[in-house]
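Working notes for the structure below.
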Amino acid sequence: MSPDDRKYTQEHEWAKLEDTDARLVLVGITEFAQDELGDIVYFDLPAAGTEVVHMEKMGEVESVKAVSDLFSPVTGKIEAVNEELVNHPELVNDDPFGNGWIMKVTISDLSELDGLMTSTEYDEYVGGN
Amino acid sequence: MLKGGSRDTSKLLMERSVPGRVGVVTPELDVPVQPLPDGELLRDNLDLPEVSEPGVVQYFTALSQLNFSIDTQFYPLGSCTMKYNPKVNDEMAFLPGFAAIHPLQPPEQSQGALELLYRLQDFLGEITGMAGVSLATLAGAHGELAGVLMMRAHHQANGDAGRTKMAIPDSAHGTNPASAAMAGFDVVTLASDAEGNVDLEALHELAGPDLAGVMITLPSTLGLFDQNIVEVCRIVHEAGGLVYGDGANMNALLGRAKLGDLGFDVIHLNLHKTFSTPHGGGGPGAGPVCCAPILAPYLAAPIVTGNGANGSGTDSGYSLSIPEKSIGKIGGYHGNFGVLVRAYTYIRTLGDAGIKSISGNAVLNANYLLQALRDIYYLPYDRTCMHEVVFSADWQRLRGVSGLDVAKRLLDYGFHAPTMYFPLIVHEALMIEPTESENRDTLDAFIQALRDINRESEEEPDMVHHAPHTTPVSRLDEANAARHPNLRWRPSE
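Protein chains in written order, with the numbering used here: chain E, 177 to 305; chain R, 65 to 557.
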């Protein structure tokens, strides 16, 4: 069961609203995604201060199996990237919904979150995959 | 395993060092002593191992005996066509007239070599149904780059520079998008349909005035023949685009179907796969480019032409030439000549009937494995396959045994692992390409090994999970090796 305090994409990223006034959203990948990837060995992530666009490529994740694109669930400006992942990409394997967060984004338009899947919808989506 | 004395390969050369031991004893100085250069250039402590000559030779010989190769064992590595390389190919390449020739020797002194290249161009053109051939490219992906650069040059010459998109199926080799991107194209992914063919609807959507072309591997990396291929070529041509063919899987089609006849405009061949030149150790390879008449003026230089009026060279000799609108030179000299001699020998020793029997036996062997294993390994695309079969280890994974575990356990049975986790559209993929080289006894032993491993996945999943158990090193920590690479020896403090 994916946590119901956030929204999900079909590309297996999640977006969690941290602060409504500051429009701050935490972004990561799901438990299903980390399980499919296997042991993650490297993240190629954009720098803080750059812009990301909803469902456009924001970076890459490399596991022992393959390299995959990461897509941004939201449009906005990156406030911070999880620097811990540089030396400890395994954080995402261990705790994808918590310490394995990938970046913090100031979302341009809060209503963009409404277009993403709920946890129930996402669990159904991956269950039927 | 190789244990005991210098056959123990677990110790590196540096760790075998014994103070005072030497490999070479120099004679006493019998010439005047010369002053040494500036002290800044000299170090007084070089960390070199102190070892004897036999110690070094035994160490490296022991290491070489750990090699796994097609000359030692079955090597069903999907997409790589690890077929037997007949030794006569090497014998021909070692002939002094070929081996000792210098690439800068003038053409009048190298007519024999040029004739071989000319004839090889001819053979490859005939096999693929293509008008133009360049042997200059040195590897598969190198051929891809040359081919897409030719496509770009063609569009630009037509004033069609707005064609910036290259469509590539989601089952393609990773080199295809890389080559297209290097040539400056924007790569767009082309979906596969439920049968594993190119999704025609998706292709229709992409087929517009900005489409430069598509890059198709036939058969696909799912080991399947795309039944829509003629229609795919028609749609792309109608939109003004060109069709690139990745010839990596030509072993399935040799002597049966010509890519030129099917509608492809430009392709590359992997001589090191299909035409049995040694590979797997990083080369050398050869990736000749073959193309339709409209692209022939753009071929990479040089090509070999006959000096006769009709382009024949039988009486008048051969020259190296640069096609009219060539994309230019793409490597040194004339391609990997030694590889080209081997491929030429392979074609000549097999002849028409032999070439045709390659594809027949390669496809038969792959389907033999498909039928013998489909009850215990999940077959995601349930169709007659071509030269390779792609299973999924999904059923084993339910018992906690992954595709990686199955592959590692195969090493204990003395087989090379299949290609894993590729193509990406198959979960837990195990991609098996037996080639035509192996006899039924070998295939049966391989089938038995995979059946045994399936049973082990039920009875002793933990043992499989920790395989291999009989190799010089057991399960490597791949994740840790990638996260914290340890790339060089360091003295232990």
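Beta carbons are placed, not taken as given, at the ideal position from N, Cα and C, and that holds for glycine.
Item	Value
Under 9 Å, Cβ to Cβ, is there at least one residue of chain R near E/A209?	no
Closer than 9 Å, Cβ to Cβ, to anything on chain R: give me those residues from the region 230 to 257 of chain E, in chain order.	E238, S239, V240, K241, A242, V243, S244
I want to see whether chain E comes within less than 9 Å of R/F486, judged by CB atoms only; does it?	yes
Leaving out the 5 sequence neighbours to the left and right, which residues in its chain are closer than 6 Å to R/P113 when beta-carbon positions are compared?	L77, M78, S81
Closest to R/H268 by C-alpha separation, out of R/T239, R/V251, R/A231, would be which residue?	R/A231
Would you check if the distance between the CB atom of R/A350 and the CB atom of R/V403 is smaller than 9 Å?	yes
What separation, rounded to the nearest whole angstrom, lies between the Cα atoms of R/G324 and R/P160?	36 Å
Could you check what DSSP says for R/F339 in three-state terms: helix, strand or coil?	coil
Between the Cα of R/L130 and those of R/N400, R/T73, R/S538, R/E295, spot the shortest distance and give me the residue it belongs to.	R/T73
Bridge partners for R/S383 per DSSP, in chain order?	R/T369
If R/D469 sits next to R/V528, beta carbons under 8 Å apart, how far is it from one beta carbon to the other, in whole angstroms?	5 Å
For R/G464, name the three-state secondary structure that DSSP assigns.	coil
Out of R/E172, R/A177, R/N153, which has the shortest C-alpha to C-alpha gap to R/P164?	For clarity, residue 164 of chain R is Ala in the given sequence; the question names Pro instead. Measuring from the Cα of R/A164, the nearest candidate turns out to be R/A177.
If you check the beta carbons only, do R/V278 and R/V262 fall under 9 Å apart?	yes
What are the start and end residues of each continuous alpha helix (DSSP H) run of 4 or more residues lying completely inside the region 382 to 470 of chain R, in chain order?	401 to 437, 458 to 461
Tell me which residue opens and which closes the beta strand (DSSP E) that E/S239 is part of.	233 to 239
So, helix, strand or coil for R/F328, using DSSP?	coil
By the 9 Å beta-carbon criterion, what residues does the region 269 to 288 of chain E contribute toward chain R?	N269
Output the distance between the C-alpha atoms of R/L507 and R/L414, rounded to the nearest integer angstrom.	23 Å
For R/A350, go through chain E and note every residue whose CB falls closer than 7 Å to its CB, in chain order.	Under the 7 Å cutoff, chain E gives no residues; its nearest Cβ is about 27 Å from R/A350.
State yes or no: is the C-beta of E/M279 within less than 9 Å of the C-beta of E/V262?	no
Which same chain residues, not among the five before or five after E/Q210, have their C-beta less than 8 Å away from its C-beta?	I216, V268, N269, P272, G276
In the region 97 to 165 of chain R, which residue ranges form an unbroken alpha helix (DSSP H) of at least 4 residues, counting only runs that do not cross its ends?	117 to 128, 151 to 157, 160 to 163
Does the distance from the C-beta atom of R/V152 to that of R/E117 stay below 9 Å?	no
Report all residues from its chain with a CB closer than 7 Å to the CB of R/N240; omit the five preceding and five following residues, and keep chain order.	E208, I232, M279, D310
Which same chain residues end up closer than 7 Å to E/S284 when comparing Cβ atoms and leaving out the 5 residues on each side of it in sequence?	T251, G252
Mind checking which residues open and close the alpha helix (DSSP H) that includes E/D270?	266 to 270
Could you work out which residues of chain R lie near E/P265, taking near to mean beta carbons separated by less than 8 Å?	R547
One question on the structure: do R/Y442 and R/A457 come within less than 9 Å of each other, judged by their Cβ atoms?	yes
Evaluate contact between the region 485 to 505 of chain R and the region 448 to 463 of chain R, counting only Cβ atoms and requiring at least three cross-stretch pairs below 8 Å.	yes
Between R/L66 and chain E, is the shortest Cβ-Cβ distance under 9 Å, so that the two count as touching?	Note that R/L66 scores 45 on pLDDT, short of 50, meaning its location in the model is unreliable; the coordinates nonetheless yield the value given after this. No, R/L66 does not count as interfacial toward chain E.
I'd like the span of the alpha helix (DSSP H) that includes R/D186, first residue to last.	175 to 192
Can you tell which of R/A217, R/T253, R/P101, R/P487 has the C-alpha that lies nearest to the C-alpha of R/A271?	R/T253
Taking E/V237 as the reference, which of E/H230, E/F247, E/I254, E/V229 has the closest Cα?	E/F247
Taking E/D220 as part of the beta strand (DSSP E), name the residues at either end of that continuous run.	216 to 220
Terminal residues of the continuous beta strand (DSSP E) containing E/V281?	279 to 283
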